[in-house]
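Enquirer: Okay, handing you the structure first.
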Amino acid sequence: MTHVFPRHTAKQPPIAAGGEGCYLFDADGKRYLDASGGAAVSCLGHGDREVIDAIKGQLDRLAFAHTGFFTSEPAEKLADLLIENAPEGLDRVYLVSGGSEATEAAIKLARQYFVEKGEPGRGRLIARRQSYHGNTIGALSAGGNEWRRRQFGPLLLDVSHIDPCYEYRLRADDEGPEEYGRRAADALEEELLRVGPETVMAFMAEPVVGATAGAVPPAPGYFKWIREICDTYGILLILDEVMCGMGRTGTLFACEQDGVAPDILCIAKGLGAGYQPIGAMLCSGRIYAAIEEGSGFFQHGHTYIGHPTAAAAGHAVVSAILNRGLVGRCAEQGDKLRAALEDRFGQHAHVGDIRGRGLFLGLELVSDRGTKAPFDPERRIAARIKSAAFDAGLICYPMSGTIDGKLGDHVLLAPPFIIEDAQIGELVDKLETAIDGALAE
Ligand code: PMP
1 MTHVFPRHTA KQPPIAAGGE GCYLFDADGK RYLDASGGAA VSCLGHGDRE
51 VIDAIKGQLD RLAFAHTGFF TSEPAEKLAD LLIENAPEGL DRVYLVSGGS
101 EATEAAIKLA RQYFVEKGEP GRGRLIARRQ SYHGNTIGAL SAGGNEWRRR
151 QFGPLLLDVS HIDPCYEYRL RADDEGPEEY GRRAADALEE ELLRVGPETV
201 MAFMAEPVVG ATAGAVPPAP GYFKWIREIC DTYGILLILD EVMCGMGRTG
251 TLFACEQDGV APDILCIAKG LGAGYQPIGA MLCSGRIYAA IEEGSGFFQH
301 GHTYIGHPTA AAAGHAVVSA ILNRGLVGRC AEQGDKLRAA LEDRFGQHAH
351 VGDIRGRGLF LGLELVSDRG TKAPFDPERR IAARIKSAAF DAGLICYPMS
401 GTIDGKLGDH VLLAPPFIIE DAQIGELVDK LETAIDGALA E
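Just so you know, the UniProt record's numbering puts 253 at position 253 of the sequence shown, and the rest follows in order with no gaps.
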């Protein structure tokens, strides 16, 4: 078997052969605790009967019908359920097949909204340096991860990138958290004034940053200021909850904890929990109305939008999250995991920061806790942790991110919401083995 790529390891990876609850098994029978759901995907764990039966039932009835001709019961039911539980003002749902499709659609919807409104001069997007919004050209342009963008420069859109809200590295010693939140948000206003607010259509951000910096939550008040600035200058707020949404942070949507509602909200990963590829873009009634009253048609679309089988999976997943009280469980188990991490790594010489919300937690590795100096990138600490954890039977999501030229090593943890107390203990033990093993190399 040598024809499949990507390969993330030099040697042939093991074959994933089965999954049950919080564990995955390879073809040799080795067991792995899935502490990151791959990349924050498997929120219900593996082998969930209700979800599997919902998918099978839908396949027996109808696998696919094209949205050019039909809507479907699962798509309608999923959209209703999402809107019933969505932040205020969001009342339309566009179902896609993953996170990049959701953010890409959001960028195009924002643009079309202003064209329909008769403000065609608004075409600029503002986003943040330490962020990931996906790998398609628009989404990659919005993201600020230098490593992912590097070789595609000539293909990317001209997006403005402001500093992220990143207390551990960017808050001054003599600055309070809210004061910093305000200063970080002010960067948006400064950029708006620099480029001319009348040229800007939207600001896009992840409420809790995932794939570039390991579960970085916003400073208190940050998103309230951001919302206010967006409203003052008439630009849209697009929140990307592809990773942090669907209960993972201890509320169904992460932005609930910041007391803000976006104009456009992107979700994926936990929406399908890995059972089907699905994502969604939710938008406000006013955006939808502008399009409906204008050309009447969102000028976008992929063959598999509104896919009935994927929507049936999404509906079963969201129902499970809500009906089984998994959002609350996520908050509770998140507190326990965080306490266990603080207990084990709180004084660790090379763990500079432990952060996050709910079961979306991150550790930042540093060579010196006092100066917060990162490790020499040549040491590839994050990659070594991933590999040592995998050897020890633990799947976690280590990553390297760059901010202001400094490379940082982070580990993201995003286990299934059903994680038991004993498995939290197993996770922390194995993570310690992996971190200490990687540092000793
Ligand atoms: N946005 C965020 C915040 C993400 O974390 C990701 C994936 N890591 C994406 C978008 C892209 O999603 P996908 O990989 O499903 O295209």
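No residue lacks a Cβ here, since even glycine has one placed at the ideal position from N, Cα and C.
1) With a CB to CB cut of under 7 Å and the five nearest residues on each side skipped, what residues in its chain are close to Lys-77?
2) Among the candidates Leu-361, Arg-384, Glu-441 and Thr-371, whose CA atom is the shortest distance from the CA of Leu-427?
3) Jot down the residue ranges of each uninterrupted alpha helix (DSSP H) in the segment 56 to 118, minimum 4 residues, whole runs only, in chain order.
4) Enumerate in chain order the residues of its own chain whose CB-to-CB distance from Val-318 is below 6 Å, with the five nearest sequence positions on each side excluded.
5) Within the chosen definition, does the segment 146 to 164 reach the segment 248 to 262 through at least 3 CB pairs nearer than 8 Å?
6) If I measure Cβ to Cβ from Tyr-233 and keep anything under 6 Å in the same chain, skipping five residues before and after, which residues do I get?
7) What I want to know is whether the C-beta of Ser-319 ends up closer than 7 Å to one or more non-hydrogen atoms of ligand 1.
8) Of all the alpha helix (DSSP H) runs that stay within the bounds of the segment 254 to 303, which reach a length of 4 or more residues?
9) For Ser-295, count the other beta carbons within 10 Å of its own beta carbon; 16 or more makes it buried, fewer makes it exposed. Which is it?
10) How is the alpha helix (DSSP H) around Leu-157 delimited, first residue to last?
11) Measure from the alpha carbon of Gln-276 to the alpha carbon of each residue in Ile-238, Tyr-304 and Leu-33, then state which is nearest.
12) So the beta strand (DSSP E) Asp-26 belongs to, where does it begin and stop?
13) What separation, rounded to the nearest whole angstrom, lies between the Cα atoms of Gly-393 and Lys-30?
14) Report yes or no: do the segment 101 to 113 and the segment 130 to 146 share at least 3 C-beta pairs separated by less than 8 Å?
15) When the Cβ atoms of the segment 11 to 21 are set against those of the segment 39 to 47, are three or more pairs found closer than 8 Å?
16) Answer yes or no: the CB of Asp-409 versus the heavy atoms of ligand 1, is any distance below 7 Å?
17) Should Ala-211 be counted as a contact of ligand 1 given a C-beta to heavy atom distance under 7 Å?
18) If you run the structure through DSSP and keep just helix, strand and coil, what is Gly-37?
19) Rounded to whole angstroms, what is the Cα-Cα separation between Lys-430 and Glu-116?
20) Going by DSSP, name the residue or residues bridged to Met-399.
21) Using only the heavy atoms of ligand 1, determine whether one of them is closer than 7 Å to the beta carbon of Thr-249.
22) Please report the distance separating the alpha-carbon of Phe-417 from that of Arg-338.
23) Just to confirm my understanding: we take Gly-143, look at its own chain, exclude 5 residues before and 5 after, and list those with CB closer than 8 Å. What are they?
Expert: From the atom records:
1) His-315
2) Leu-361
3) For the segment 56 to 118, whole alpha helix (DSSP H) runs of length 4 or above, ordered along the chain, are 73 to 85 and 99 to 116.
4) Leu-81
5) no
6) Here the set comprises Leu-192 and Pro-197.
7) no
8) 285 to 293
9) Exposed, because fewer than 16 other Cβ atoms sit within 10 Å of the Cβ of Ser-295.
10) Note, Leu-157: premise wrong, no alpha helix (DSSP H); not H, not E.
11) Tyr-304
12) Annotation for Asp-26: the continuous beta strand (DSSP E) segment containing it runs 23 to 26.
13) 8 Å
14) Touching, yes.
15) yes
16) no
17) yes
18) Reduced to three states, the DSSP call for Gly-37 is helix.
19) Cα atoms of Lys-430 and Glu-116: separation of roughly 54 Å, rounded to the nearest angstrom.
20) For Met-399, which the question treats as bridged, DSSP gives the partners His-410.
21) no
22) 14 Å
23) Ala-127, Ser-131, Tyr-132, His-133, Gly-134, Arg-149 and Thr-212
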